[in-house]
Amino acid sequence: EAQVTQNPRYLITVTGKKLTVTCSQNMNHEYMSWYRQDPGLGLRQIYYSMNVEVTDKGDVPEGYKVSRKEKRNFPLILESPSPNQTSLYFCASTPGGGRYTGELFFGEGSRLTVL
Amino acid sequence: DQQVKQNSPSLSVQEGRISILNCDYTNSMFDYFLWYKKYPAEGPTFLISISSIKDKNEDGRFTVFLNKSAKHLSLHIVPSQPGDSAVYFCAAKISGTYKYIFGTGTRLKVLA
Chain U
1 EAQVTQNPRY LITVTGKKLT VTCSQNMNHE YMSWYRQDPG LGLRQIYYSM NVEVTDKGDV
61 PEGYKVSRKE KRNFPLILES PSPNQTSLYF CASTPGGGRY TGELFFGEGS RLTVL
Chain R
1001 DQQVKQNSPS LSVQEGRISI LNCDYTNSMF DYFLWYKKYP AEGPTFLISI SSIKDKNEDG
1061 RFTVFLNKSA KHLSLHIVPS QPGDSAVYFC AAKISGTYKY IFGTGTRLKV LA
């Protein structure tokens, strides 16, 4: 089954404790990205990657890091989480080049709480 | 500055009638516009998209209209069904990039 898988789905952590949210897709998509959803603000793009070793900042990259060492994986790293990073996070992917239709395929989301 | 705006936070429609969800944008550099539906505790799911060179795209009960002069996008759902009750996001992709800008969402409630 074609899917985008995020882990963990739920996490409660404390300020300053480094954490990683993993994202993996099995559709051989070139493009992957991370979003956060907050009440009244919709979905905001954090980082995106157009292919292996190619990443770029979205609208709200502060406090986050990403890496794209393999095509299928795009982890989101919070080096020193703070309470304002409490949010619902979504990973998404889409094929690039001639297969591109505009559609983003989203994971089920990871709800992160930073105390 | 919000480049993609959904000015109606919520909308209620009777089952069988038409639902019209609206979206305004300010950036002329968008090349694709998309609509997503989101249920609680799930990721957004793609509904329909339209290229900036077109003015209409239809897929079953869903039709998206693009008015470039007004910088306005709308999604029509006909007929509306109770299962359509969800939050709908419009999104736009900046040309030459994979940068997407999403609206804040409209909660649609279809009344049986």
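So the protein lines, in turn, are chains U and R.
If you read the first sequence in this note's numbering, its first letter stands for residue 1, the second for the next number, and so on.
If you read the second sequence in this note's numbering, its first letter stands for residue 1001, the second for the next number, and so on.
C-beta atoms are modelled at their ideal positions from N, C-alpha and C, and glycine is treated no differently.
Residue range 1106–1111 is occupied by the beta strand (DSSP E) that includes R/K1109. Distance from the CA of U/Y31 to the CA of U/Y89, rounded to the nearest whole angstrom, comes to 17 Å. Put simply, the backbone Cα of U/I12 is about 26 Å away from that of U/F105.
Less than 9 Å divides the Cβ of R/A1112 from the Cβ of R/P1082. The beta carbons of R/S1069 and R/V1110 sit about 31 Å from each other, so the pair does not count as a contact at 8 Å.
At a C-beta separation below 7 Å, U/M50 has these neighbours in chain R: Y1098. Here DSSP, grouped into helix, strand and coil, assigns U/Q85 to helix.
The C-beta of U/R36 has 16 or more other C-beta atoms within 10 Å across all chains shown, which makes the residue buried.
DSSP places U/S33 in the uninterrupted beta strand (DSSP E) bounded by 31–38. Between U/S82 and chain R, the shortest Cβ-Cβ separation is not below 9 Å.
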